[in-house]
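Residues in the sequence shown are numbered from 113 upward in steps of one, following the working numbering.
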Amino acid sequence: MSSILPPPPDADSAADPAATFVPPPVAAVSAPFDQLPLPAAVIANLARLGYHTMTPIQAAALPVALAGDDLIAQAKTGSGKTAAFALPLLNRLDARSFAVQALVLCPTRELAEQVAQEVRRLARAEENIKVLSLCGGSPIRPQADSLAHGAHIVVGTPGRLMDHLSRGSLKLDALRALVLDEADRMLDMGFFDDIAYVAKACPKDRQTLLFSATYPEGVVRLARQFMRQPREIALAEQHEADKIRQRFYEVTREQRLAAVGLLLRHYRPESTLAFCNTKQQCRDLVDVLHAEGIHALALHGDLDQRERDQVLVRFANRSCSVLVGTDVAARGLDIAGLEAVINVDVTPDPEVHVHRVGRTGRAERDGWALSLVGPTEKNRVGNIARSQGFEPQWESIAELQAENAAPLLPPMATLQILGGRKDKIRPGDVLGALTGEAGFAAEQIGKINVTEQSTYVAVRRNIVRQALKRLADGKLKGKKVRVRLLDE
Ligand code: ADP
Ligand code: MG
Numbered sequence: 113m114s115s116i117l118p119p120p121p122d123a124d125s126a127a128d129p130a131a132t133f134v135p136p137p138v139a140a141v142s143a144p145f146d147q148l149p150l151p152a153a154v155i156a157n158l159a160r161l162g163y164h165t166m167t168p169i170q171a172a173a174l175p176v177a178l179a180g181d182d183l184i185a186q187a188k189t190g191s192g193k194t195a196a197f198a199l200p201l202l203n204r205l206d207a208r209s210f211a212v213q214a215l216v217l218c219p220t221r222e223l224a225e226q227v228a229q230e231v232r233r234l235a236r237a238e239e240n241i242k243v244l245s246l247c248g249g250s251p252i253r254p255q256a257d258s259l260a261h262g263a264h265i266v267v268g269t270p271g272r273l274m275d276h277l278s279r280g281s282l283k284l285d286a287l288r289a290l291v292l293d294e295a296d297r298m299l300d301m302g303f304f305d306d307i308a309y310v311a312k313a314c315p316k317d318r319q320t321l322l323f324s325a326t327y328p329e330g331v332v333r334l335a336r337q338f339m340r341q342p343r344e345i346a347l348a349e350q351h352e353a354d355k356i357r358q359r360f361y362e363v364t365r366e367q368r369l370a371a372v373g374l375l376l377r378h379y380r381p382e383s384t385l386a387f388c389n390t391k392q393q394c395r396d397l398v399d400v401l402h403a404e405g406i407h408a409l410a411l412h413g414d415l416d417q418r419e420r421d422q423v424l425v426r427f428a429n430r431s432c433s434v435l436v437g438t439d440v441a442a443r444g445l446d447i448a449g450l451e452a453v454i455n456v457d458v459t460p461d462p463e464v465h466v467h468r469v470g471r472t473g474r475a476e477r478d479g480w481a482l483s484l485v486g487p488t489e490k491n492r493v494g495n496i497a498r499s500q501g502f503e504p505q506w507e508s509i510a511e512l513q514a515e516n517a518a519p520l521l522p523p524m525a526t527l528q529i530l531g532g533r534k535d536k537i538r539p540g541d542v543l544g545a546l547t548g549e550a551g552f553a554a555e556q557i558g559k560i561n562v563t564e565q566s567t568y569v570a571v572r573r574n575i576v577r578q579a580l581k582r583l584a585d586g587k588l589k590g591k592k593v594r595v596r597l598l599d600e
């Protein structure tokens, strides 16, 4: 399990925690990709994607997986696991054969979509590799039609894959590799039997790769049942833990929600995930933050799938500063690498705490893990610190008070175009419309997400009104479109 290292010794204890000296992380293994037995076109594509050196899990897993061995790899979110299994899958693929040759199981629809997207990017070195995602929450018939047209790689959630297998729309005779991504989370979600069903439908002589953040008993059982002498890799997580700077702030009940605003204005993170223990507290916090002009959105169980997608799009495209959620709502989301995580309450469970703070800090960046501690929660901090072996660093809310009063605004804002995949809109069309006639620079445009019904485009906040007007006045795919600004 991950361990949070003690904060660095605080020599002359500066009052400003942001200025505290933090030693650079221990130099990570920085092996270049070109030492792997991969075609030059693949290496070139990786370089185009900005992948120059392997992450530690990739350096450990790729040689084993490329050699065809079964593998159990334990590493946390944000460590680059997708490429660690996608490159071996792609390497063994016969692009001329339109049969499903690799299957990736993920715990949630969002994770499956993200994995499918990443696999598509990594597959660009070769022509015409079809990656299909099959998840619950979408009608099954169109998925079956897509399968009938042929796919090389399928990424999906266990339940839906099982449905396709039992209907006969998914055939696995030509399968060469099975991947269980985030195996521990799939088991947490009760997917053991579904996974077993899918694994049994795969040919025996396949390769099986299992990725997991932790290594509980269920994972051992899965491995024993469905893998052939798997090689095991577990990564010490010091590199990542080094980058998480934890601070604890004592607050009274009355101070708690307002303190979140103070922390945000002090640390000024671009993206923050704030954890609450209850849904009601999520709603209250969003209200308090809105009143202070901070762009926050709540993620809770009462949202329908479309609303939830919209919230996640806006957070990921940097037009919302704070995502407020409960552990349950945030579960299964691949949100990591954030500048900050704020624990609005301290959770009683040290494991949950470690999981929460693990969402911050990734790759070359540092992250803040800030916890607000009520009078009755101090012993929880004690438990967490003991189980993780660090000395908690306490700071005072009062010292934040005088800090930067400037409003904290996200860099981008989101425009929603009422039209999406069903209208054959593609990201390039929107980018073209904004950078063409409308005259904006590509740097002013952020992420573009096309869903079935809608398209979301992030633009720099300072051009959002003009961009809205130009899109609404112009045409997309030869048609007028309705556009609105999502901003509250
Ligand atoms: P995990 O599955 O372990 O949570 P991901 O595979 O989603 O991690 O990777 C996290 C992020 O790091 C992604 O944005 C991915 O594009 C990026 N990434 C992965 N490997 C590398 C690499 N070797 N160099 C640079 N970026 C990488
Ligand atoms: Mg992953």
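Even for Gly, the Cβ is constructed at its ideal location relative to N, Cα and C.
Check: N-terminal and C-terminal residue of the beta strand (DSSP E) that Gly558 is part of; Outcome: 557 to 562
Check: heavy atom of the ligand MG below 7 Å from Asp439 C-beta; Outcome: no
Check: Short Cβ contact (8 Å threshold) for Val576 with Leu527; Outcome: yes
Check: Coarse secondary structure for Gly479, derived from DSSP in three states; Outcome: strand
Check: Pair within 8 Å by beta-carbon distance, Gly271 and Gly248; Outcome: yes
Check: Given Thr320 as reference, the closest of Pro328, Ile307, Glu329, Thr326 once Cα atoms are compared; Outcome: Ile307
Check: CB contact flag (Asn157, Leu178, <8 Å); Outcome: no
Check: Helix, strand or coil at Thr220 [DSSP, three-state]; Outcome: coil
Check: The ligand MG heavy atom lying under 7 Å from the CB of Glu222; Outcome: no
Check: Sequence ranges, alpha helix (DSSP H) only - wholly within the stretch 259 to 321, length at least 4; Outcome: 270 to 279, 295 to 300, 304 to 312
Check: Environment of Asn574 [buried if 16+ CB atoms lie within 10 Å]; Outcome: exposed
Check: Any non-hydrogen atom of the ligand MG within 7 Å of Asp293 CB; Outcome: yes
Check: Contact between the stretch 194 to 210 and the stretch 256 to 266 (3+ Cβ pairs under 8 Å); Outcome: yes
Check: Nearest residue (CA-CA) to Ala187, options Leu201, Gln170, Val436, Ala198; Outcome: Gln170
Check: Simplified DSSP assignment, three categories, for Arg573; Outcome: helix
Check: Straight-line gap, Arg538 to Glu564 (C-alpha atoms, nearest Å); Outcome: 11 Å
Check: Sub-8 Å separation of Leu484 and Glu222 beta-carbons; Outcome: no
Check: Thr390 beta carbon near the ligand MG (any heavy atom closer than 7 Å); Outcome: no
Check: Buried/exposed call for Asn561, threshold 16 Cβ in 10 Å; Outcome: buried
Check: Ser433, buried or exposed, once every other Cβ within 10 Å from all chains shown has been counted against 16; Outcome: buried
Check: Alpha helix (DSSP H) segments (min. 4 residues) lying fully within the stretch 481 to 560; Outcome: 490 to 500, 539 to 547
Check: Residues near Ala346 by beta carbon distance below 6 Å, same chain, minus five either side; Outcome: Gln186
Check: Heavy atom of the ligand MG within 7 Å of Thr167 beta-carbon; Outcome: no
Check: Coarse secondary structure for Gly405, derived from DSSP in three states; Outcome: coil
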